[in-house]
Amino acid sequence: MAAAPPVTAAAAPRPRSAAPPAAVPLWQRVRDSGWAFLLPFLLVYGAFLLWPLLYGLWLSLTDTSLVGGGGDLVGLANYAEALTDPMVWHTLGNTVYFTLISTVPLVLLALVMALLVHSGLPGQWLWRLSFFAPFLLPVATVALVWQWLFQGDFGFVNQMLAGLGSEGVGWLSDPAVAMWSIAITTVWWTVGFNFLLYLAALQSVPDHLYEAAAIDGAGAWSRLWSITLPQLRGTTGIVVVLQLLASMKVFDQIYIMTNGGPDDATTPVLLHVYDVGFTGYRIGYGAAISFLFLAIVVAVSLAQLWFTARRRAQR
Amino acid sequence: MAGRPGGAGVPPGPLGRPLSRRGLIAGGLALAGTVGLGGALAGCGAGGAGAQSRIRFWSPLTGGDGALMEEMIAAVERRAAEIDVDSTVLAWGPPYYTKLAMSSVGGRAPEVGVMHLSRLTGYAPGGLLHPFDLGMLAEFGLTEDQLNAGLRSRSTHDGEVYAIPLDSHPFIAFYDTDIADRAGLLDTDGRLREFESPEDFVAASRELAAASGDQGVAFGYVNDDSQSWRLFLTLYTQAGATIEFPPGGEPVFDPDAALRVFRFLAELLDGQSSPNNLDYFGALAGFADGRAGVLFTGEWELPYLRETQLALGAAPFPTIFEQPANYADAHAFVLPRQSEPDPERVRATHRFVALILRESLTWAQAGHIPAYLPILELPEYGELRPQVDYAVAGERVVLDPPAWFAGAGSEFHTQTTGAMSTALTGAGPEAAVEQLSGVLTAFANRQNPTEGDR
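This is how it looks when you write it as C-alpha cells:
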C-alpha cells in the first residue's frame with residue numbers, strides 16, 4: 001500500500017492537500033483518522049464486554065469450578081448436558097412466560113397512558129410525574145414494598161380482598177399466581193419508561209396532519225386510528241424490542257421477591273445460571289447455559305431487525 | 316482504635332493555588348514520606364506494648380448478632396493488646412460462601428472467618444482451609460474437651476481440626492405462654508408439656524388454634540431457602556432415619572420415614588387450624604402478634620421475639636416421633652487458605668479464637684447455645700431465660716449430612732425445599748417423598764467441583 005516512493009515526493013514538492021489520497025502512506029492515514037479518540041471506549045469495551053464474552057465462551061467448553069477444581073476442556077459436554085437438563089427447559093419456559101405476560105401490558109398500558117396524558121388531561125405534570133416516578137425507585141425498594149403488599153396473611157392486597165368478602169390469593173405462594181404477581185410488580189415499576197417514549201413520540205406528530213384531517217371532517221377515533229397510531233409505528237417497534245430484551249433478562253425482582261419459588265415456579269433462566277455457577281460453583285456449566293440463552297436473545301433481536309427492514313421495504 | 320498507621324498523615328491540600336505537574340509530584344512525594352513516617356511512628360508506638368498483629372475477620376453476622384460479635388471482639392482487643400481485629404461483615408446467604416471460597420482459592424483470604432459447620436465438608440477436603448494448631452490453642456488456654464462433643468466431631472477432616480465451633484443454633488419451638496396456658500398445654504413449671512405421639516401433637520395444635528382464635532402452629536417456609544429442610548431433617552431424624560451420601564454411591568434414604576414426616580406435617584398444617592402457606596416473615600409476624608400458639612423456627616429469632624412477644628416461651632423441638640432430635644447448625648471459626656500465611660498473624664489468630672470463646676456469654680444473649688462448655692456452667696447462663704429452657708437442644712443437634720454440596724446457604728437447601736410445598740399444598744406426601752428422593756439422587760451424582768488440581 002505504501003506505494004509513493006519518497007524520491008518522487010521529494011522531486012515534486014506539492015502542497016500536501018493536493019496529493020491524491022493513495023499517495024498518503026497507510027500508517028499516516030491511520031494516524032490522522034482520529035482512532036486515538038476511540039481508544040478510551042475501545043479499551044473499556046474490550047476489557048468489560050469483548051474479553052468477558054470470549055472468556056465466557058472458553059469457560060463454557062471447560063469444567064471449570066469456581067473453587068479451583070477442574071478447568072479441563074470438555075468440548076460440548078456442557079451444552080449437551082444443558083440441552084437435556086429439565087431445569088434449563090423449565091426455567092427457559094418461565095423466562096418466556098414472564099416475557100409474554102409482562103411485555104404485552106408494558107407496551108399497551110404505556111400507550112394508553114401516553115394517549116390519555118397527551119389528550120390534554122388537566123394537571124399534565126402530575127400525571128407525568130406519577131407515571132414515571134416508580135421507574136426511579138431502586139429494584140430492592142420496589143420488590144420489598146410489593147412483597148409486603150402481596151403478603152398472603154395480612155398483606156394490603158389480601159386485606160382489601162377480605163374487606164370485599166373475597167378469599168385471599170396466595171400472590172407469591174401459589175405457583176400458578178406467583179409469576180403474575182412478579183409481572184404486576186414489574187409493570188408498575190417500569191411502565192413509566194415506555195410511557196415516556198410514547199409521550200415524546202406523540203408530541204412529535206406534526207399538527208398539520210390533524211388539521212388536515214379535521215378539515216376533512218375526521219372524528220377523534222378516526223384521527224387516532226388513521227394518524228396517531230400509524231405515526232407511532234416506529235416508536236412501537238423500538239419499545240417492543242427494548243421491552244422484550246428487558247423482560248428476558250429478568251432477575252433482580254424475582255431474586256428478591258420469591259428467589260425462584262414457590263417450587264421453582266418463578267425461577268428465570270438467569271437465576272438458574274446464577275445458582276449453578278455461583279452457588280453450585282460450576283462456572284463452566286453456568287457459562288454454557290448462558291450462551292444457549294444468548295443464542296435465543298440474538299435470534300429475537302435478529303427477527304425484530306428483519307421485521308422492521310421488511311416493513312420499511314414495503315412502504 | 317489504637318495505632319492505625321498513616322491515619323493522621325494526610326498533608327494539607329494546596330488550597331487556592333493551581334496544581335502544577337511538578338507540584339503534584341512533590342506533593343505525592345511528601346505524602347508518601349508522611350505516610351512512611353506515620354507508619355514508622357505507629358510501629359514504634361506499638362513496639363513499646365509488644366508488636367500489634369492485624370487480623371482480618373470475615374463474618375456473615377448482621378443485625379443483633381453482628382452487634383454482639385463486635386462487643387466480643389472489643390473485649391478480646393482489650394484483653395490482648397497485640398490483637399487488632401479488622402472486622403468485615405458480609406451479607407448472610409449463599410453469596411457469602413461464594414466469596415469466602417473464592418478468597419481462599421486466590422490465597423488472599425482473611426486470617427479468620429466465621430462459617431457454618433455444615434459447610435465444612437465443602438471446604439476442608441478441597442484445601443480451602445488451614446487446620447488449627449491445637450498445641451498453639453492449648454497454649455492460649457483452649458483445649459478440645461472444653462467444646463461441645465457433637466460439634467467437635469464435625470470439625471475434623473483427616474484427623475486435623477479445621478473449625479472451632481462458637482455455638483449451636485437449633486431449630487426450636489417458640490410458644491405463646493398465654494395461649495398455651497388457655498389450651499392447657501403447660502406443665503406445673505409453666506413450660507410446654509411433652510408430647511406422646513404425632514396424634515397427640517396434632518390434637519394439641521387444634522386446641523392451640525381454638526385458644527388463639529386463629530392459628531395453632533405457625534411455620535413459614537414459602538419461598539424460603541432453608542426452613543423446609545430444617546423442619547424435615549428434625550422430624551426425619553426423630554423417626555430414627557438418616558441421610559447419607561457415601562462417595563460414589565447411591566444416597567442412603569428412608570422413604571418410609573420421610574412419608575411419615577410429610578403425612579404428619581400435612582395433617583398438622585392443614586390450612587384450617589394451622590396455615591400451610593406462610594412465608595418466613597408472615598409466620599414470624601403473626602406469632603409476634605399473638606395470632607399463633609406455637610412457632611417453628613430457629614432460636615436466632617429470639618432477640619426479635621423478645622421485643623415483640625411479651626408472653627414468650629421457648630422449648631427444644633418437641634419430640635414427635637421416637638427419639639429426640641433438633642436440626643441445628645453451628646457458627647465456627649475457620650482459617651481460610653492463604654498462600655503465604657504470616658507466622659505472627661497466625662499466632663495472633665489462634666489467640667483471638669481462644670479468647671473470643673470465653674466471651675460466649677455475650678453471644679448467648681442472642682439465643683445461641685455456646686459450644687464452649689465452661690460458659691454453660693456459669694450461674695449467669697442459668698439466669699438467661701428462655702435460653703436455658705432449650706439449652707438441652709444443644710446435646711441432640713442434627714447437622715446436615717456431611718457432603719460437599721450440603722449445608723447452610725447451599726443450593727442443596729434450596730432444592731430440597733420444593734418437596735415441602737408439594738406435601739402441603741401440592742400433590743401430597745407421596746409425591747413429596749418421590750421429589751425429595753429425586754433431588755438427593757441428583758446431588759449424589761454430581762461431580763465435586765472442589766476436587767481436582769488447583
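One line per chain: the protein sequences are A and B, in this order.
The numbering of the first sequence is our numbering, which starts it at 1 and goes up by one.
The numbering of the second sequence is our numbering, which starts it at 316 and goes up by one.
No residue lacks a Cβ here, since even glycine has one placed at the ideal position from N, Cα and C.
Pop quiz: residue 281(A) and residue 66(A) are said to be a contact at Cβ under 8 Å. What is the actual Cβ separation, rounded to whole angstroms? Along the first sequence, one-based indexing puts residue 281(A) at 281. Along the first sequence, one-based indexing puts residue 66(A) at 66. Between residue 66(A) and residue 281(A) the Cβ distance is about 4 Å, and since that is below 8 Å, they are a contact.
Relative to the alpha-carbon of residue 209(A), which residue among 87(A), 196(A) and 227(A) has its alpha-carbon at the smallest distance? By one-based count along the first sequence, residue 209(A) stands at place 209. With distances taken between Cα atoms, residue 209(A) lies closest to 227(A).
Which partner residues does residue 487(B) have in the DSSP bridge list? For the purposes of this step, residue 487(B) is identified with residue 172 of the second sequence, where counting begins at 1. Residue 487(B) is bridged to 612(B).
Taking its Cβ as the centre, do 16 or more other Cβ atoms sit within 10 Å of residue 94(A), making it buried, or is it exposed? On the first sequence, residue 94(A) is found 94 positions in, with the first residue counted as 1. So residue 94(A) ends up on the buried side.
Using a Cβ-Cβ distance cut-off of 8 Å, determine whether residue 66(A) contacts chain B. Taking the first sequence and counting its residues from 1, the one referred to as residue 66(A) is at position 66. Residue 66(A) counts as touching chain B.
Buried or exposed by the 16-neighbour rule on C-beta atoms within 10 Å, applied to residue 270(A): The residue labelled residue 270(A) in the question sits at position 270 within the first sequence. So residue 270(A) ends up on the buried side.
To which residues does DSSP link residue 641(B) through a beta bridge? The residue labelled residue 641(B) in the question sits at position 326 within the second sequence. Its beta-bridge partners are 712(B).
I want to see whether chain B comes within less than 8 Å of residue 166(A), judged by CB atoms only; does it? Taking the first sequence and counting its residues from 1, one reaches residue 166(A) at position 166. Closer than 8 Å: no.
How far does the beta strand (DSSP E) with residue 651(B) in it reach, from first residue to last? The sequence position of residue 651(B) within the second sequence is 336, counting from 1. Taken as a continuous stretch (DSSP letters only), the beta strand (DSSP E) holding residue 651(B) covers 646-651.
Taking CB distances under 8 Å as the criterion, tell me whether residue 749(B) reaches chain A. For the purposes of this step, residue 749(B) is taken as residue 434 along the second sequence, with counting starting at 1. With 8 Å as the cut-off, residue 749(B) does not count as an interface residue toward chain A.
What's the gap between the Cα of residue 611(B) and the Cα of residue 439(B)? Counted from its first residue, the second sequence places residue 611(B) at position 296. Counted from its first residue, the second sequence places residue 439(B) at position 124. Cα-Cα distance, rounded: 32 Å.
Can you list, in chain order, the residues of its chain whose CB lies under 7 Å from that of residue 730(B), leaving out five sequence neighbours each side? The residue you call residue 730(B) lines up with position 415 of the second sequence. Excluding sequence neighbours, residue 730(B) sits near 754.
How many angstroms separate the CA atom of residue 136(A) from the CA atom of residue 187(A)? In the first sequence, residue 136(A) corresponds to position 136, counting from 1. In the first sequence, residue 187(A) corresponds to position 187, counting from 1. The straight-line gap from Cα to Cα measures roughly 13 Å.
What ranges does the beta strand (DSSP E) occupy inside the stretch 501-584 of chain B, keeping only unbroken runs of at least 3 residues that lie completely in it? 530-533 and 535-537
Any C-beta of chain A under 8 Å from that of residue 474(B): Position 159 of the second sequence, counted from the first residue, corresponds to residue 474(B). It does not: the Cβ of residue 474(B) has no partner Cβ on chain A nearer than 8 Å.
Please list the terminal residues of the continuous alpha helix (DSSP H) segment that includes residue 704(B). Mapped onto the second sequence, residue 704(B) falls at position 389. From DSSP, the alpha helix (DSSP H) with residue 704(B) extends over 702-705.
For residue 358(B), which residues in the same chain have their Cβ closer than 6 Å to its Cβ, ignoring the five residues on either side in sequence? Position 43 of the second sequence holds residue 358(B). Here the model assigns residue 358(B) a pLDDT of 40, short of 50, so the residue's position is not dependable and the matter cannot be decided.
Let me make sure I understand the geometry here. Which of 529(B), 709(B), 687(B) and 422(B) has the alpha-carbon closest to that of residue 671(B)? The count along the second sequence starts at 1 and reaches residue 671(B) at position 356. Nearest of 529(B), 709(B), 687(B) and 422(B) to residue 671(B), Cα basis: 687(B).
For residue 593(B), which residues in chain A fall below 9 Å Cβ to Cβ? One-based indexing of the second sequence puts residue 593(B) at position 278. Here the neighbours are 152, 153 and 173.
Name, going along the chain, the residues of the stretch 269-286 of chain A whose beta-carbon falls closer than 7 Å to a beta-carbon of chain B. Cβ contacts with chain B come from 275, 278, 279, 280, 281 and 282.
Contact defined as beta carbons within less than 8 Å: I believe residue 558(B) pairs with residue 716(B). What is the distance between those atoms, to the nearest angstrom? Here residue 558(B) refers to the residue found at position 243 of the second sequence. Here residue 716(B) refers to the residue found at position 401 of the second sequence. With a contact defined as Cβ atoms closer than 8 Å, residue 558(B) and residue 716(B) qualify at about 5 Å.
Taking the alpha-carbon of residue 583(B) as reference, which of 662(B), 572(B) and 522(B) has the nearest alpha-carbon? Counting from one through the second sequence, the residue named residue 583(B) turns up at place 268. Minimum Cα distance to residue 583(B) is reached at 522(B).
Under 7 Å by beta carbon: chain A residues contacting residue 443(B): As a first step, residue 443(B) must be located in the second sequence, where it is residue number 128. Simply 67.
Assumed close pair residue 482(B), residue 678(B) - CB separation to whole angstroms, cut-off 8 Å: Your numbering for residue 482(B) matches position 167 in the second sequence. Your numbering for residue 678(B) matches position 363 in the second sequence. About 6 Å separates the two Cβ atoms, so the contact holds.
Specify whether the stretch 159-170 of chain A and the stretch 76-95 of chain A touch according to this definition: at least 3 beta carbon pairs, one from each stretch, less than 8 Å apart. no
Would you grab the beta carbon distance between residue 581(B) and residue 739(B) for me? Rounded to a whole angstrom, and I think it's under 8 Å. Within the second sequence, residue 581(B) is the residue found at index 266, counting from 1. Within the second sequence, residue 739(B) is the residue found at index 424, counting from 1. Taking C-beta atoms under 8 Å as the contact rule, residue 581(B) and residue 739(B) qualify, at a distance of about 6 Å.
Does residue 198(A) pass the burial test, meaning 16 or more other C-beta atoms within 10 Å, or should it be called exposed? Indexing the first sequence from 1 puts residue 198(A) at position 198. Buried, by the Cβ-count rule.
Under 8 Å between C-beta atoms of residue 289(A) and residue 64(A): The residue you call residue 289(A) lines up with position 289 of the first sequence. The residue you call residue 64(A) lines up with position 64 of the first sequence. Taking 8 Å as the Cβ cut-off, residue 289(A) and residue 64(A) do not qualify as a contacting pair.
Residue 616(B) vs residue 705(B) beta-carbon contact at 8 Å: For the purposes of this step, residue 616(B) is taken as the residue at position 301 of the second sequence. For the purposes of this step, residue 705(B) is taken as the residue at position 390 of the second sequence. No, they are not a contact pair.
Please state if the CB of residue 713(B) and the CB of residue 763(B) are separated by a distance shorter than 8 Å. Reading the second sequence from its first residue, position 448 is the one you call residue 763(B). Reading the second sequence from its first residue, position 398 is the one you call residue 713(B). Going by C-beta atoms, residue 763(B) is not nearer than 8 Å to residue 713(B).
Does residue 164(A) come out as helix, strand or coil in the three-state DSSP assignment? Counting from 1 along the first sequence, the entry for residue 164(A) is found at position 164. If DSSP states are grouped into helix, strand and coil, residue 164(A) belongs with coil.
Contacting residues, own chain, Cβ-Cβ under 8 Å from residue 491(B) (five flanking each side not counted): Position 176 of the second sequence, counted from the first residue, corresponds to residue 491(B). Here the set comprises 527, 602, 605, 607, 608, 609, 624, 626, 627 and 628.
Quick check on DSSP: helix, strand or coil for residue 685(B)? Indexing the second sequence from 1 puts residue 685(B) at position 370. Three-state result, residue 685(B): strand.
Identify the continuous beta strand (DSSP E) that holds residue 67(A) and give its terminal residues. As a first step, residue 67(A) is located in the first sequence; it is residue number 67 there, counting from the start. Neither: residue 67(A) is in no beta strand (DSSP E) and is coded neither H nor E.
Distance check for residue 249(A) and residue 139(A), CA to CA, integer angstroms please. Counting from one through the first sequence, the residue named residue 139(A) turns up at place 139. Counting from one through the first sequence, the residue named residue 249(A) turns up at place 249. Going by the C-alpha atoms only, they are around 14 Å apart.
Contacts around residue 325(B), its chain only, beta-carbon distance under 6 Å, and the 5 residues preceding and following it disregarded: Position 10 of the second sequence, counted from the first residue, corresponds to residue 325(B). Since pLDDT at residue 325(B) reaches only 35, below the 50 mark, its modelled position is unreliable, and no value is offered.
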